[in-house]
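The sequence shown begins at 229 in our numbering and counts up by one. The beta carbon of each residue, even a glycine, is placed where N, CA and C say it ideally should be. What follows is one structure encoded as structure tokens, with my remarks underneath.
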Amino acid sequence: MHTGTQLYRLDNPVRDYAWGSRTTIADLQGRPSPTATPEAEVWIGTHPSAPSRIAGGTDLLKEIEADRAGLLGPAHDRLPFLLKILAVAEPLSIQVHPDAGQAHRGFAREEALGIPLDAPTRNYRDDWPKPELVYAVTTFDALCGFRAPEAAARLLRRLDGPRLRRVADILEQGGPESALGSLNEWPVADRPALVAEIGEAAVTGGGPDPAHRAAAMIATHHPQDPGVVASLLFNLITLQPGEALYTAPRTIHAYLRGTAIEIMASSDNVLRGGLTGKHIDQSELKAVTDFTPARPEVLEPRPLATGEELYATPAPQFQLTRLRPRPHIGIPAPGPSAILCLEGFLHVTRGDATELLSPGEALFVPYEGAGPLVIEGEGLGFRASVPCGRS
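Dropping the structure here:
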């Protein structure tokens, strides 16, 4: 154990999903690139499937289990957030995450049925909701929430294919739920023809609307997946560097391309709705998803008295602040939290402990510790923490 340690330098796992980049994360961390496999995410936290390790020691999850009160404080029985670096080179699956009640009921139901946690048909791998926030490091494209049906129908009709007109008719008559359901149930043999009706946009990357161009890009990766057409049902959001997007539970979404910092509740509950070869549980997808059309707000930061910049969300499990020391940041009650350096360097001090962070490096700050956290340096970073008074 590291009892009494003020700062824990971390070694963080890199996840090599197929949609990742062969250069982005390696370049950030100063490793040779391109890498042998696509690297999609860096995980900073204690999620059981890939917990961070304390440099030179055990993994952070085991350390917390050995001293929960000292590292997390009295309000938490687990580290409630997971911080990530995302390198999105290809579109992720269309997906939605449950709210707290849905996660609790769904997990209990599947446990009672005896479905193994690693079964491909398992929907709920834990009993937690999964709100998310992404901060754009580069220009970052995402689909999030449903467009107004009339706007989505216009996009479908403008491409003028008989199958797309049929989807538009379903959308106008039955709304987004009926349209998405019809696409997920589309006959397998006819799916290539359906996607091909994206037309010239699918061939040239052109089209009269950015949503058509996004669908064209998605089609190059998923030429037989009706999720290409479903993308026209959703809001297309393009974040510029420094902007952020909050995705509440029950909100359908997919990340398309770009580099981002992501923070979420530490959960692995995913209901997929397209652009995937994995299991799609159509009935559970409908039960979890909020089909109310709404365009999400793009978030800008607001300054805090500590010197941090906050991206405010209603999520009780996490809070993300941007760190740009000018000349320093002082946080009187910093733990439990994680600090990630993205650019330059950050000099982090607490009591008699000090660490220097370079790009891609991270620290865990425990609940117990002497004195405030002081951050200095010529760099850019982020602090993941829990909103004051929430658990």
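| Item | Value |
| --- | --- |
| Short Cβ contact (7 Å threshold) for Asn463 with Gly373 | yes |
| 4 or more residues per run - each alpha helix (DSSP H) lying fully within the region 362-391 | 377-386 |
| Extent of the continuous alpha helix (DSSP H) run through Arg578 | Run containing Arg578: none in the alpha helix (DSSP H); it sits in the beta strand (DSSP E), 574-578. |
| Three-state secondary structure assigned by DSSP to Ala458 | helix |
| Val316 burial status per 10 Å Cβ neighbour count (16 or more: buried) | buried |
| Neighbourhood of Leu310 by C-beta, 6 Å cutoff - its chain only, sequence neighbours within 5 removed | Gly273, His275, Met492, Ser494 |
| Status (buried if at least 16 other CB within 10 Å, exposed otherwise) for Val593 | buried |
| Three-state class that DSSP yields for Glu606 in the structure shown | coil |
| Beta strand (DSSP E) runs wholly inside the region 495-531, at least 3 long, in chain order | 499-502 |
| Buried or exposed by the 16-neighbour rule on C-beta atoms within 10 Å, applied to Asp580 | exposed |
| Under the three-state DSSP convention, the category Asn412 falls into | helix |
| Whole-angstrom distance between Pro553 and Ala278, CA atom to CA atom | 31 Å |
| Exposure label - Pro319; buried when at least 16 CB within 10 Å | buried |
| Residue(s) in a DSSP beta bridge with Ile465 | Ala370 |
| Within the region 298-354, ranges of the alpha helix (DSSP H) (whole runs, at least 4 residues) | 328-340 |
| Residue of Arg393, Thr286, Val324 minimising C-alpha distance to Tyr236 | Thr286 |
| Meets three-Cβ-pair contact criterion under 8 Å: the region 298-309 and the region 331-351 | no |
| Gly572 vs Val602 beta-carbon contact at 7 Å | no |
| Contact set for Gly334: own chain, Cβ-Cβ below 7 Å, skip 5 residues either direction | Pro326, Asn351, Tyr352 |
| Backbone CA spacing between Thr349 and Asp509 [nearest angstrom] | 8 Å |
| Cβ-Cβ distance between Leu411 and Pro454 below 7 Å | yes |
| Secondary structure of Ala561, DSSP reduced to three states | coil |
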